[in-house]
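As numbered in our numbering, residues 11 to 296 make up the sequence shown, in order. In what follows, a structure is listed as structure tokens, so that the remarks can point back to it.
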Amino acid sequence: MTTQPEESRASVRQSWNAATDAHHTHHADLAGYLRDGGLTIFPEERELLGDVRGQRIAHLQCNSGEDSLSLAALGASVTGVDISDSAIAHAERLAAESDIPARFDRADLYDWLDAAGHRDERYDVVYTSYGVVCWLSDLDTWAAGIASILAPGGRFVMVEFHPFAATFDGSWTHRFPYGGGQTRALPEGVGDYVGEAGGGLTPSGFVEGVEEFQNPHPTLIYQWGIGEVVTALTGAGLVITALREFPWSNGERGFDGMRERPGRRMIPPEHVPEIPLMYGVIASKR
């Protein structure tokens, strides 16, 4: 099952394949960092997730698997899912080199959720984070798929960039509409945000790596508001138990002049008023 045209899915897959290869040129011995007990998840995720020991976690849109492996290192049984061939290849290699077990599936998210539901797979936690909602063409189908694979009493946990921040361009100009599921073209494709973060997203150490990366694969994203996300989750029968907003961005410097605070928290420059840059959600299944 998919709610996106094949051409659109292909553009997303190709764009992420190219970007992921660039991202990995900036990590210094990520496998060694994880093997020695390092974690790539931030405090906000750990607080919302709670104790994951012994829990079955489906990590949707897992990218290259470092957060999946961090959860596995904390004692969870983790399945990571991503559309990118390159991301899953990196994830599997990282699992082998760090000696942390996890399962990784290369699949379109909607197809995977449908197939996992029909296989009667059940998870205690479904988790996703950072730049994920903008790739969803259909929130209702997404939320229903999540509900279908959660065990009774299970939880959906998400930490995401705030959609209000997405109404600004990189120079803090208020340029884009809010929500509504509108599409926005990305002629530049997925960017090298890891390199642009200058160490904010590389806790194992930053390497200059690829410079002036240009993605040859344009794609598009979808603009959804928080209300639309929450409505889709509740419409799927889930109960919202937490909704939190944060005036900082973890690791990523998405706008000009971002200032770094302890813990790799990025805040706007002094001339920009404080705005919400991330939000977190917990939704439980009865």
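Each residue gets a CB set at the ideal place from its N, CA and C atoms; glycine is no exception. As the structure is a computational prediction, the values presented were derived from the model and not from experiment.
The ligand SAM heavy atom lying under 7 Å from the CB of residue i
i   : result
L44 : In terms of ligand content, the structure shown is empty, and the ligand SAM therefore cannot be addressed.
Alpha-carbon spacing of residue i relative to residue j, whole angstroms
i    : j    : result
E218 : G205 : 7 Å
A195 : W26  : 15 Å
E280 : M268 : 9 Å
Y140 : W258 : 13 Å
E255 : H37  : 29 Å
P111 : P187 : 42 Å
R132 : G290 : 23 Å
P278 : A175 : 11 Å
A126 : E270 : 40 Å
E238 : R103 : 37 Å
S181 : F171 : 17 Å
M276 : R263 : 7 Å
R56  : H100 : 23 Å
L381 : Y137 : Because residue 381 is not part of the residues shown, which for the chain are 11 to 296, the question remains open.
K357 : R165 : It is not possible to answer for residue 357, since the shown part of the chain is limited to 11 through 296.
N73  : V282 : 31 Å
F265 : A207 : 10 Å
G261 : S158 : 32 Å
G189 : S78  : 29 Å
E284 : Q192 : 26 Å
Assigned secondary structure, residue i (DSSP; H/G/I helix, E/B strand, else coil)
i    : result
L84  : coil
Q233 : strand
G155 : helix
M11  : Residue confidence is low: M11 scores 44 on pLDDT, short of 50, so the model does not pin down where it sits. Its coordinate-derived value is still stated next. If DSSP states are grouped into helix, strand and coil, M11 belongs with coil.
N27  : helix
I277 : strand
S214 : coil
V282 : coil
R263 : coil
S18  : helix
G90  : strand
D124 : helix
E270 : strand
Y43  : helix
6 Å Cβ shell around residue i - same chain, five flanking residues per side excluded
i    : result
L59  : V167
Q24  : H227
Q65  : A86, D134 and V135
A242 : L149, D150 and A153
Y203 : E262
L84  : V62
Other residues of its chain near residue i: CB distance less than 7 Å, five sequence neighbours each side excluded
i    : result
L119 : L70, Q71, V91 and I93
T12  : At T12 the pLDDT is 44, less than 50, meaning the model places this residue with poor confidence and gives no usable figure here.
Y236 : Contrary to the premise, residue 236 reads as Ile rather than Tyr in this sequence. Excluding positions up to five away in sequence, the list reads P173 and Y289.
Whole-Å CB distance - residue i paired with residue j, under 8 Å assumed
i    : j    : result
A32  : G199 : Not really, about 11 Å apart at Cβ, beyond 8 Å.
P213 : Y43  : 7 Å
I250 : V240 : 6 Å
S80  : T50  : 5 Å
T35  : V220 : 5 Å
P53  : G273 : 7 Å
T30  : S108 : 18 Å between Cβ atoms; not a contact.
F114 : G75  : 6 Å
Beta-bridge partners of residue i, as assigned by DSSP
i    : result
S294 : R165 and V249
N73  : In the DSSP output, where bridge partners are listed per residue, N73 has none listed.
E206 : Its beta-bridge partners do not exist; DSSP assigns none.
Y137 : H69 and V167
Beta-carbon contacts of residue i that lie in its chain and below 8 Å, excluding the five residues immediately before and after
i    : result
R185 : T177, F178 and D179
Min CB distance residue i to chain D below 8 Å
i   : result
H69 : No chain D is present in this structure, which holds just one protein chain.
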